[in-house]
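In our numbering, the protein residues as written are 1 to 257. Take a look at the structure below.
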């Protein structure tokens, strides 16, 4: 199966429009390769760096599996198709030369990198909230809305209910970490493939030799250290539950116990 088809198969529908637009970039590259080129046309292919930026997110992983921020949602059902269509239309309408194509690649991969970074920031903040909730639960301090579940419910049953809620939340955040990791890895692979194709079709060494390592470093798409750290902290948090203190399980499994 060709990579483009594999990419579509593994893309998460709710994040459609946030992936590197491999198919559109590939089509433009093929058009470039068919055009007559001057001997000097590839000398200035390397684009200027695109600045990164964007607000952090406070609430990242919603129960529906989308990234959500305070007052704004990163991925909205009503806008996913529009975002993807807008990117595709913009990419396919551009008049290309190799430098312009490479600038498009850089712009798109920096956008992907920003998405990953904001997702990590949101997960870190949500983990912090869960850690605080766990400590309050262990010390007997319950959040007001949870403490009034039912006046007739025994205290130990209420504590068990709150503990289960924390475990479920930890499991959802763990799922968010895994989904974000898969997103980063898939886009890392897409960047490699499209730049390898660039070098092959345009008889160049610029893509993999210079642009690829620079963009990977700038976007940190290959750096999983923050996600690994989140996973480790989530495991520690899940082990604080009385339901899992005698067994070694992942956060995803812990919430099912």
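Glycine residues also receive a C-beta, built at the ideal position from the N, C-alpha and C atoms.
In this structure, residue 170 keeps its C-beta atom at 7 angstroms or more from the C-beta atom of residue 230.
A distance below 8 angstroms between beta-carbons, with the five flanking residues on each side excluded, links residue 33 to the following residues of its chain, in chain order: 201 and 202. The beta carbon of residue 23 lies closer than 7 angstroms to those of 4 in the same chain, with the five residues before and after it left out. In this model, residue 100 and residue 198 are separated by some 13 angstroms (Cα to Cα).
With a contact defined as Cβ atoms closer than 8 angstroms, residue 102 and residue 216 miss out at about 15 angstroms. A contact is defined here as three or more CB-CB pairs under 8 angstroms, and the region 2–19 meets this definition with respect to the region 178–193.
Using a 10 angstroms sphere on the CB of residue 222, the tally of other CB atoms stays under 16, which defines it as exposed. Residue 207 and residue 126 have their C-alpha atoms roughly 38 angstroms apart. Residue 114 and residue 219 have their alpha carbons spaced roughly 7 angstroms apart. Its Cα nearest to that of residue 239, the residue 134 stands out among 173, 134, 30 and 187.
At the C-beta level, residue 116 and residue 189 stay beyond 7 angstroms of one another. The Cβ atoms of residue 227 and residue 109 lie no closer than 7 angstroms to each other.
Using a Cβ distance threshold of 7 angstroms, residue 30 and residue 19 do not count as a contacting pair. Runs of the alpha helix (DSSP H) spanning 4 or more residues and lying entirely within the region 159–239 occur at 212–219 and 225–239, in chain order. Taking residue 214 as the centre and dropping the five residues before and after it, the same chain places no C-beta closer than 6 angstroms to its C-beta.
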